[in-house]
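Report on the following structure.
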Amino acid sequence: MTQAEALEMLQAGHNCFVTGAAGSGKTHLLNAYLKYLKERGVEPGITAATGIAATHLGGQTIHAWSGLGVRDKLSAQDLDELEGKSYLWKRLSRATVLVIDEISMLHHFRLDLLDRIMRSFKRTEVPFGGIQVILCGDFCQLPPVSRSNEPKTRFAYEAEVWRELDPRVCYLEEQHRQQDPTYLAILNAVRGNRLTAELTRTLRGRLDAKIAHVEPAKLYTHNVDVDEENERELARLPGEIFTYQMSDRGSDRLAATLKKGCLAPETLRLKEGARVMFVKNNFEAGYVNGTLGVVAECRRDRVMVRLTSGRLIEAVPAGWRVEEEGKMKAEITQYPLRLAWAITVHKSQGLSLEAAEIDLSHSFEPGMGYVALSRVRTLAGLSLKGLNELALRVSDEVLARDGDFREQSRAHLAEWLKRSPERRAAAGEEFLRRIGAGAVKKGVGARVKKVDTISQTKTLLDEGQTLTEMATARGLKVETILEHLEKIKVADPSVSLRYLLQDLPVTRAKKIRQALAQGGMTSGYYPLGPAKNLLGPGFSYAEIRLVRLLL
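The sequence shown maps to residues 428 to 978 in this note's numbering.
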């Protein structure tokens, strides 16, 4: 599937799993879709399983976005506590689109916990509360990292909600990083556990290879080796050390999350002659995430970097931020640089390197070697310092599943292309209408003001329409109409909603009222979680929500 075909499928509002080999343009596709949504006034949830991947998209970790944090289970009390946080209630109840990047590094049970949170906030038993979910990543790369007290590591595709979401698979087949046919053949063979004797000889021919014209970045499997290498090399340089401290503004909590995930260090220590790597894209300035260079000049307020191409550019401080509803919630600012004599394989994921010296002699995860090798664009840019048996292996289980994903992608694309271009475009327009998006003025790019969707529901309420009639007339779910009614009631407590109970038996409504009262009040309102637990599966969130409107 091409990026253009996948983008069209995302724009139609389908739940999707975007995958493909390293360098196939997954992050580029996500950024294109996010830009499309924002231009139309839709504020998507932009997240990733790791902080580093989140900064590439301008988002935050899924753990922070959802409120899940480091939990590995959720009780009814946990859900009530989350619902008591106003910022979470505002964010999750309004969410219409959620993107989760680097899904291969998210545990299966955490995907199910995220689903529980979204169902609770959206008051529905539909997977993820009925919002569009875009999962992105490559399971042939790094797996989830487990702590000692956590359940056994299993990939996200084994989560119960993955089956319920049944995402359309968008398997990107193009290659945008490696254009060297020999090296691309090696990478594809490693990814498929199909290394031939000839390709292995070619790869091993890069052991201790010298790289001409550029000093390579060094990739290690362990942090201790990286830190020692960078500090050792910096100490060898003559001259004064200049220190640049990261600044932040906005939410302390969100800023701390950004700092943890940012490849630029909080305290950047540089000398003239220091080997550095840019860690942010700036096409206008002439560098991208992974561009290598050497510090040509550094002063307290000025850093000049000479790229490997010989070009001299000024590095200026860059910002990483979290935005919601078009407003900055937190931002950190630092020179977009880090010492680049060495970096870990985990932190290199997502980078494109001109040259790298890679030590895989201590590889400890299937897929680690593939991630490291696929950072480099050409075979000539690779120097190997060591390999172990695990370095060139990918999990057999993952490979089997990857083959299934390829087949599903072909089937989903064939089914999609059977529709006429007009029908495909209409699907995208219907999705935008359903999530309350505005339009983009042609030739200008300015956003048309979003339709006041709650006022439209209020008009139908004044006409005396039932919940089902309002949902049908608006083309929305009953849960969405209930959300509108709650906002209408808050704005005007005198609004009468009692007639909406006409289809709910009196005895049933009474039981719900009793459960709500028994569940207690929190911050002036009745939380639904305790009432639902008391009532059991025979009562829906929609019914409980409707009765609560009258209390």
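Quick reminder that beta carbons are idealized off the backbone N, C-alpha and C, glycines included.
- The secondary-structure analysis by DSSP pairs leucine 525 across a beta bridge with Gly472 and Val560.
- Comparing alpha carbon positions, the residue from Glu625, Asp499, Leu614 and Arg663 closest to histidine 535 is Asp499.
- In the DSSP annotation of this structure, the continuous segment of the alpha helix (DSSP H) that includes glutamine 941 starts and ends at 933 to 946.
- In its chain, beyond the 5 residues on either side, Gly677 and Arg748 have a beta carbon closer than 7 Å to the beta carbon of methionine 755.
- In the three-state reduction of the DSSP assignment, serine 493 falls in the helix class, which pools H, G and I.
- In chain order, Thr771 place their CB closer than 7 Å to the CB of asparagine 650, counting only its own chain and leaving out the 5 sequence neighbours on each side.
- In the DSSP assignment, isoleucine 881 falls within the alpha helix (DSSP H) that extends over 880 to 889.
- Secondary structure within the stretch 605 to 662: the alpha helix (DSSP H) runs of 4 or more consecutive residues, fully enclosed, are 608 to 618 and 624 to 631 (chain order).
- If you draw a straight line from the Cα of glutamate 625 to the Cα of glycine 632, it is about 11 Å long.
- The beta-carbon separation of threonine 805 and tyrosine 610, rounded to 6 Å, stays under the 8 Å limit for a contact.
- In this structure, the beta-carbon distance from valine 974 to isoleucine 939 falls below 9 Å.
- In the DSSP annotation of this structure, the continuous segment of the beta strand (DSSP E) that includes alanine 757 starts and ends at 754 to 761.
- Shown here, glutamine 487 sits in a strand according to DSSP, grouped into three states.
- Straight-line measurement puts the Cα of serine 801 at about 25 Å from the Cα of arginine 733.
- Taking the Cα of leucine 814 as reference, the smallest distance to any Cα among Ala838, Arg833 and Ser788 is reached at Ser788.
- Contact between glycine 956 and alanine 522 is ruled out by a C-beta separation of about 18 Å, above the 8 Å threshold.
- CA-CA distance, isoleucine 740 to glycine 713, rounds to 8 Å.
- Checking the DSSP bridge columns, you'll see glutamine 672 partnered with Thr694.
- Within the same chain, Gln559 and Phe858 come within 6 Å of glycine 440 by CB-CB distance, once the 5 residues on both sides are set aside.
- By the neighbour-count criterion, in which a residue is buried when 16 or more other Cβ atoms sit within 10 angstroms of its Cβ, aspartate 786 is buried.
- Within the DSSP bridge table, the entry for aspartate 930 names no partner.
- Beta-bridge analysis with DSSP links tryptophan 843 to no other residue.
- Under the three-state reduction of DSSP, lysine 812 is assigned to strand.
- Shown here, threonine 907 sits in a helix according to DSSP, grouped into three states.
- A straight line joining the alpha-carbon of glutamate 660 with that of alanine 480 spans about 27 Å.
- In the three-state reduction of the DSSP assignment, arginine 804 falls in the coil class, being assigned neither a helical nor a strand state.
- Closest option to isoleucine 908, judged by alpha-carbon separation, among Leu614, Leu697 and Thr551: Thr551.
- Under DSSP, glutamate 741 forms a beta bridge with Met731.
- Taking the Cβ atoms as the reference, leucine 826 lies roughly 6 Å from asparagine 620, within the contact range of under 8 Å.
- In the three-state reduction of the DSSP assignment, arginine 901 falls in the helix class.
- Of the residues assessed, asparagine 442 falls on the buried side of the cut-off, its CB having 16 or more other CB atoms within 10 angstroms.
- In this structure cysteine 597 is not in contact with methionine 795, their Cβ atoms being roughly 25 Å apart against a cut-off of 8 Å.
- The beta carbon of phenylalanine 444 sits closer than 6 Å to those of Leu562, Pro594 and Val596, all from its chain and outside the five residues before and after it, given in chain order.
- If you draw a straight line from the Cα of glutamate 781 to the Cα of arginine 604, it comes to about 10 Å.
- Measuring C-alpha to C-alpha distances from arginine 828 to each of Glu432, Gly447, Phe791 and Ala433 identifies Gly447 as the nearest.
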